[in-house]
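Taken in order, these protein sequences are the chains called E and C.
The first sequence begins at 0 in numbering that gives the first Met the number 0 and counts up one residue at a time.
The second sequence begins at 0 in numbering that gives the first Met the number 0 and counts up one residue at a time.
Scroll down for the structure; my scribbles are underneath it.
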Amino acid sequence: MPSTRDIRRRIKSVKNTAQITKAMQMVAGAKMRKAQQAALVGRPYAELLNGILAEAAPRIASFKHPLLEARPVRKRAVIVVSTDRGLCGALNSNLFREAAKLDTDATTFIAAGKKGAQFLARTRRRLAAEFTYKDTPTFAEARAISRFAQDLFLEGGADAVDVLFTNFVSTLVQQPKTVPLLPVGEIRAVTAGVNAPAPEPPATGGPRTDVFEFEPDEKTVLGALLPHSLNFQMHQILLEARASEHSARMVAMKNATDNAQQLIKDLTLEYNKLRQSNITKELLEIATAQMAVG
Amino acid sequence: MTIRLEIVTPEAKIFSEDVDMVTLTGTEGEMGILPQHMPLMTQLAAGEIVAQKGKDTIFLAVGDGFVQVTGGRVAVLTDMAVRAENIDEAAAEQARKNAEARLAEKVSAEEAAHLQAALLHATTQLRVRRLRKR
Numbered sequence: 000m001p002s003t004r005d006i007r008r009r010i011k012s013v014k015n016t017a018q019i020t021k022a023m024q025m026v027a028g029a030k031m032r033k034a035q036q037a038a039l040v041g042r043p044y045a046e047l048l049n050g051i052l053a054e055a056a057p058r059i060a061s062f063k064h065p066l067l068e069a070r071p072v073r074k075r076a077v078i079v080v081s082t083d084r085g086l087c088g089a090l091n092s093n094l095f096r097e098a099a100k101l102d103t104d105a106t107t108f109i110a111a112g113k114k115g116a117q118f119l120a121r122t123r124r125r126l127a128a129e130f131t132y133k134d135t136p137t138f139a140e141a142r143a144i145s146r147f148a149q150d151l152f153l154e155g156g157a158d159a160v161d162v163l164f165t166n167f168v169s170t171l172v173q174q175p176k177t178v179p180l181l182p183v184g185e186i187r188a189v190t191a192g193v194n195a196p197a198p199e200p201p202a203t204g205g206p207r208t209d210v211f212e213f214e215p216d217e218k219t220v221l222g223a224l225l226p227h228s229l230n231f232q233m234h235q236i237l238l239e240a241r242a243s244e245h246s247a248r249m250v251a252m253k254n255a256t257d258n259a260q261q262l263i264k265d266l267t268l269e270y271n272k273l274r275q276s277n278i279t280k281e282l283l284e285i286a287t288a289q290m291a292v293g
Numbered sequence: 000m001t002i003r004l005e006i007v008t009p010e011a012k013i014f015s016e017d018v019d020m021v022t023l024t025g026t027e028g029e030m031g032i033l034p035q036h037m038p039l040m041t042q043l044a045a046g047e048i049v050a051q052k053g054k055d056t057i058f059l060a061v062g063d064g065f066v067q068v069t070g071g072r073v074a075v076l077t078d079m080a081v082r083a084e085n086i087d088e089a090a091a092e093q094a095r096k097n098a099e100a101r102l103a104e105k106v107s108a109e110e111a112a113h114l115q116a117a118l119l120h121a122t123t124q125l126r127v128r129r130l131r132k133r
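Put into structure tokens, the structure is as follows:
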């Protein structure tokens with residue numbers, strides 16, 4: 000039977016925990032809004048990029064580029080986009096469960112985010128590189144990851160590159176999702192922004208009246224455009240992963256705060272009961288003592 | 000007759016105005032674009048974009064990227080764009096020095112590429128700023 004002092008002490012410590020989780024919830028909430036905003040500002044850029052890619056798409060048939068080359072897939076590389084910090088509910092576990100399903104021998108991993116790197120090292124997967132990205136991922140960070148993947152693909156270190164990340168469905172729902180990055184099977188439209196509607200597929204068929212002139216030539220421009228659109232896609236994925244992380248953390252911390260409040264309530268009840276019984280006991284003792292004297 | 004100049008970076012839409020003429024630096028050299036220019040797609044080199052708007056001339060420092068010209072619109076996709084009057088000379092100078100200092104040390108290829116880009120941005124900003132100081 001715990002004494003009243005023990006219970007009091009526990010209430011105090013739970014209260015402290017609740018305060019911390021509450022603060023973390025607030026911070027995560029603010030960061031989530033910021034992350035969503037960051038994902039949204041990329042939209043005009045994505046629209047323009049899609050426009051250019053749509054113009055380029057009809058020409059792709061005659062265009063050969065190493066990044067477009069589809070090879071039989073023997074070796075696969077997977078970029079695992081995880082978080083740097085924990086305390087975000089089942090987000091990372093869900094992600095790693097997907098990663099664990101992949102064939103260990105034929106898969107090389109590229110980690111973005113510390114938790115992913117730790118997991119891959121712990122489970123002894125083949126880790127090709129480890130990248131970090133900031134709270135608001137910059138384009139340069141995305142470019143570094145995407146460049147590395149492209150180099151790996153071009154050198155034959157991997158016949159296909161996928162990205163495994165947490166897709167932001169809503170504040171309450173985030174799902175691990177795998178998207179193919181390389182080879183570029185067809186010129187895909189890049190999506191931007193959280194919950195962005197899928198962009199219109201590039202209009203094909205029918206001769207276009209506005210024929211574009213390329214300068215210096217198609218090959219150079221498209222050759223530069225392809226890696227760039229991959230970099231941009233990677234950037235959007237990082238933004239999305241961050242938005243997922245922060246909303247997952249917010250929800251996890253909200254649950255933790257609620258649980259702590261409940262615990263405090265229960266403990267307070269127990270404390271009061273104990274206190275009351277102690278008082279009753281003392282009164283009884285006094286009454287008995289008096290009767291014995293008198 | 001005007002042409003719409005739109006400059007966007009992954010982080011924001013920097014510029015969107017109707018202008019009379021746009022001068023930009025492609026990989027093949029400088030080119031001037033007037034309204035009703037033929038559809039064109041080209042690569043943009045880091046440098047300066049000059050937009051003529053009535054009597055005003057607007058200068059911008061841009062990083063490398065892509066340009067798409069359609070009949071009434073010039074769309075510029077780039078990784079950096081700053082209006083000349085908004086360039087913070089001290090900050091750019093500082094960024095240039097930092098990048099140069101870091102490059103002098105041993106850095107990984109990936110970081111070097113990143114630093115090169117930062118250096119290019121800073122020097123471009125400085126060049127445009129000094130050129131257009133009133």
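Using N, Cα and C, we set each Cβ at its ideal position, and we do this for glycine too.
With respect to the beta strand (DSSP E) encompassing residue i, which residues constitute its N-terminal and C-terminal limits?
i: S294/E; result: Here chain E covers residues 0 to 293 and nothing more, so residue 294/E does not appear.
i: M23/E; result: It is not in any beta strand (DSSP E) - M23/E instead sits in the alpha helix (DSSP H) that spans 3-40.
i: D161/E; result: 159-167
i: T82/E; result: Segment: none, T82/E is in no beta strand (DSSP E) and carries neither H nor E.
Give every residue of the same chain whose Cβ lies closer than 7 Å to the Cβ of residue i, excluding the five residues on either side of it in the sequence, and list them in chain order.
i: T69/C; result: P38
i: Q24/E; result: M249, M252, K253, T256
i: T82/E; result: L90, N91, G112, K114, E244
i: A98/C; result: L114, A117, L118, A121
i: R84/E; result: none
i: F211/E; result: E54
i: Q124/C; result: A60, V81, I86, A91
Suppose you measure from the CA of residue i to the CA of residue j; what does that come to, to the nearest Å?
i: E47/C; j: I86/C; result: 13 Å
i: A74/C; j: P226/E; result: 19 Å
i: R146/E; j: Q18/E; result: 43 Å
i: T106/E; j: A108/C; result: 24 Å
i: M40/C; j: A53/E; result: 12 Å
i: V128/C; j: R95/C; result: Here residue 128/C is Arg; the residue named in the question, Val, does not match the sequence. Going from the Cα of R128/C to the Cα of R95/C covers about 14 Å.
i: A34/E; j: Y270/E; result: 43 Å
i: E214/E; j: T135/E; result: 35 Å
i: I78/E; j: P179/E; result: 10 Å
i: G41/E; j: R73/E; result: 35 Å
i: R126/C; j: A60/C; result: 9 Å
i: A141/E; j: Q117/E; result: 20 Å
i: Q232/E; j: T56/C; result: 35 Å
i: L101/E; j: V80/E; result: 15 Å
i: A197/E; j: L48/E; result: For A197/E, the predicted structure reports a pLDDT of 48, less than 50, and the residue's modelled location is therefore unreliable. A value from the coordinates is still provided. The alpha-carbon atoms of A197/E and L48/E are separated by roughly 14 Å.
i: M290/E; j: N277/E; result: 20 Å
i: R75/E; j: L119/E; result: 15 Å
i: K133/E; j: F95/E; result: 21 Å
i: L282/E; j: N258/E; result: 36 Å
i: I263/E; j: L273/E; result: 15 Å
i: A286/E; j: K280/E; result: 10 Å
i: T219/E; j: A27/E; result: 44 Å
i: H234/E; j: A242/E; result: 13 Å
Return the bridge partner residues of residue i from the DSSP annotation.
i: T107/E; result: A76/E, R125/E
i: M40/C; result: F213/E, Q67/C
i: R82/C; result: L59/C
i: I48/C; result: L59/C
i: M30/C; result: L23/C
i: P43/E; result: Its beta-bridge partners do not exist; DSSP assigns none.
i: R3/C; result: D17/C, R72/C
i: K176/E; result: F164/E
i: F130/E; result: A111/E
i: L297/E; result: Nothing can be reported for residue 297/E: it is not among the residues displayed for chain E, which extend from 0 to 293.
Kindly list the residues whose CB is nearer than 8 Å to the CB of residue i, restricted to its own chain and excluding five residues on each side of it in sequence; keep chain order.
i: P9/C; result: D78
i: P206/E; result: Because the pLDDT at P206/E is just 43, under 50, the model does not fix this residue reliably, and the value given afterwards should be weighed accordingly. Same-chain partners within the cutoff: there are none.
i: E239/E; result: A38, F164, T165, N166, F167, V193
i: E97/E; result: L163, P175, T177
i: L266/E; result: I6, R9, I10, V13
i: L102/C; result: A111, L114, Q115, L118
For residue i, tell me which candidate among the options has the shortest Cα-Cα distance.
i: T103/E; options: L126/E, A116/E, G88/E, R84/E; result: L126/E
i: A45/E; options: M40/C, K12/C, A100/C; result: K12/C
i: C87/E; options: K264/E, I144/E, V72/E, S246/E; result: S246/E
i: R124/E; options: A99/E, A143/E, F130/E, E217/E; result: A99/E
i: L151/E; options: V13/E, P182/E, T137/E; result: P182/E
i: I51/E; options: Q42/C, I57/C, T56/C; result: Q42/C
i: E68/E; options: A242/E, L153/E, K264/E, E212/E; result: L153/E
i: S15/C; options: P1/E, G85/E, M31/E, P43/E; result: P43/E
i: A139/E; options: T279/E, Q36/E, L229/E, K11/E; result: L229/E
i: L237/E; options: L221/E, I263/E, N15/E, F130/E; result: F130/E
i: V21/C; options: A103/C, R3/C, G64/C; result: R3/C
Please list the terminal residues of the continuous alpha helix (DSSP H) segment that includes residue i.
i: K96/C; result: 88-103
i: R142/E; result: 138-153
Ordered along the chain, which non-local residues of its own chain (more than five positions away) have a Cβ less than 6 Å from that of residue i?
i: A121/C; result: A91, A94, R95
i: D161/E; result: V77, T177, P179
i: R131/C; result: F58, A83
i: Q67/C; result: M40, A74
i: L66/E; result: V183, L225
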